[in-house]
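First up is the structure itself, then whatever we jot down about it.
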Amino acid sequence: MEDSWETDFPSLTAQRLREMYTLLLDHFGPQNWWPAETELEVMVGAVLTQNTNWSNVEKAISNLKKRNLLSLEGLSTVPLVELAGDIRPAGYFNIKAKRLRNLVNFIVERYEGDLSAFLDEETQALREGLLSVKGIGPETADSILLYAARRPVFVVDTYTHRILGLHGMIYEEAGYHELQQFFMGHLPEDHVLFNEFHALIVQTGKTYCRKKPLCSRCPLLEWGPITPNWTAS
DNA sequence: CACCAGGCAAGTA
DNA sequence: TACTTGCATGGT
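Per this note's numbering, the very first residue in the first sequence carries number 2; after that it's consecutive.
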């Protein structure tokens, strides 16, 4: 890591992260993520929820289940146009149909369709493999690593940026990897903890960050008033 | 009516 | 390398 880029945030400490986790867990309770029945369903959901409300993803997954397409076999053989039609409620349906196909084809071709063999790969190899698939970026890959393969990898999303930014815990221009390293560097590498923590952050974002009035009820306000345009010292 | 959601890749300068 | 734009439905 070369260098000079300031990778530490003065206000973001292990202590502060543990406080945040406790506040959110006490407020919302356990989230029991990922909301899916199988590992493949987690992976499909991870692609479908890209920049998309989860309620829309549920409709799309429901359609796939009704048509018995929620399998490597089904997803890799159904005509692309039909797949797109089935996942229509999730938005971006044409591009997401291709992304799902790219993902299942990767497993079919590289692992002979053996999903368990794929998920048993070493974490680093698994991540690189996922990122090599067109349509799988850092967040989607890490969601699959954490919630399908149960690896201690922290998932960063827009809510993570927004919430930590609002509370002056990071620089606004901080990138995905920097935020991820913060959580992973200051917390025990426990996939159960990371699972719950990310889910709680999303729940907080959905509940309190959508509209300004709701913001006043966020449990994190215990840290003090929000400072929207905080910048590095 | 406008706005946005648990991103990502491709295009432009 | 650093911005910008396209992708699209359904809920508030």
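Cβ atoms here follow ideal geometry from the backbone N, Cα and C, with glycine treated the same way. Predicted, not measured: the structure shown is a model, and the values here were computed from it.
Across the segment 106 to 120 and the segment 48 to 58, are there enough close Cβ pairs to call them in contact, namely three or more that are closer than 8 Å?
Counting Cβ pairs under 8 Å, fewer than three are found: no touch.
DSSP three-state assignment for residue 180, whether helix, strand or coil
In the three-state reduction of the DSSP assignment, residue 180 falls in the helix class, which pools H, G and I.
Between which two residues does the alpha helix (DSSP H) holding residue 161 run?
Residue 161 -> alpha helix (DSSP H) spans 159 to 167.
Pick helix, strand or coil for residue 50, following the three-state DSSP scheme.
Residue state, collapsed to three classes: coil.
Within the segment 60 to 100, ranges of the beta strand (DSSP E) (whole runs, at least 3 residues)
Listed in chain order, there is nothing to give.
Report back the beta-carbon spacing between residue 183 and residue 13 to the nearest angstrom; my notes put them in contact at under 8 Å.
Yes, residue 183 and residue 13 are in contact; Cβ-Cβ is about 6 Å, under 8 Å.
Taking 8 Å as the cut-off, decide whether the C-beta atoms of residue 150 and residue 32 are in contact.
No, they are not a contact pair.
Suppose only complete runs of 3+ residues qualify. What are the beta strand (DSSP E) ranges in the segment 9 to 53, listed by chain order?
You should have found no qualifying run.
Just to check my reading of the structure: residue 192 and residue 120 have Cβ atoms closer than 8 Å, yes? What is that Cβ distance to the nearest angstrom?
Not really, about 13 Å apart at Cβ, beyond 8 Å.
With DSSP run on the structure shown, which of helix, strand or coil describes residue 201?
Looking at residue 201 - three-state DSSP - the assignment turns out to be helix.
According to the Cβ coordinates, are residue 98 and residue 81 closer than 8 Å?
In this structure, residue 81 lies closer than 8 Å to residue 98 by Cβ.
Check whether residue 106 and residue 77 have beta carbons under 8 Å apart
Yes; because the gap between Cβ atoms is below 8 Å, this pair is in contact.
Counting only the same chain and skipping the five closest in sequence on each side, list residues whose C-beta sits under 7 Å from that of residue 158.
140 and 203, listed in sequence order.
Use the C-beta contact count for residue 35: other C-beta atoms within 10 angstroms, 16 or more gives buried, fewer gives exposed.
The residue is buried, with at least 16 neighbouring Cβ atoms inside 10 Å.
Does the Cβ of residue 215 have 16 or more other Cβ atoms within 10 Å, making it buried, or fewer, making it exposed?
Exposed.
Integer-rounded CB distance, given that residue 91 should sit under 8 Å from residue 69
Going by Cβ atoms, the distance from residue 69 to residue 91 rounds to 18 Å, so no, they are not a contact pair.
Cβ of residue 176 within 7 Å of any heavy atom in the ligand MN?
Inclusion of the ligand MN in the displayed structure is not the case, the ligand content being empty and no account of it being possible.
Quick one: grab the DSSP three-state call for residue 143.
Here residue 143 sits in helix by DSSP.
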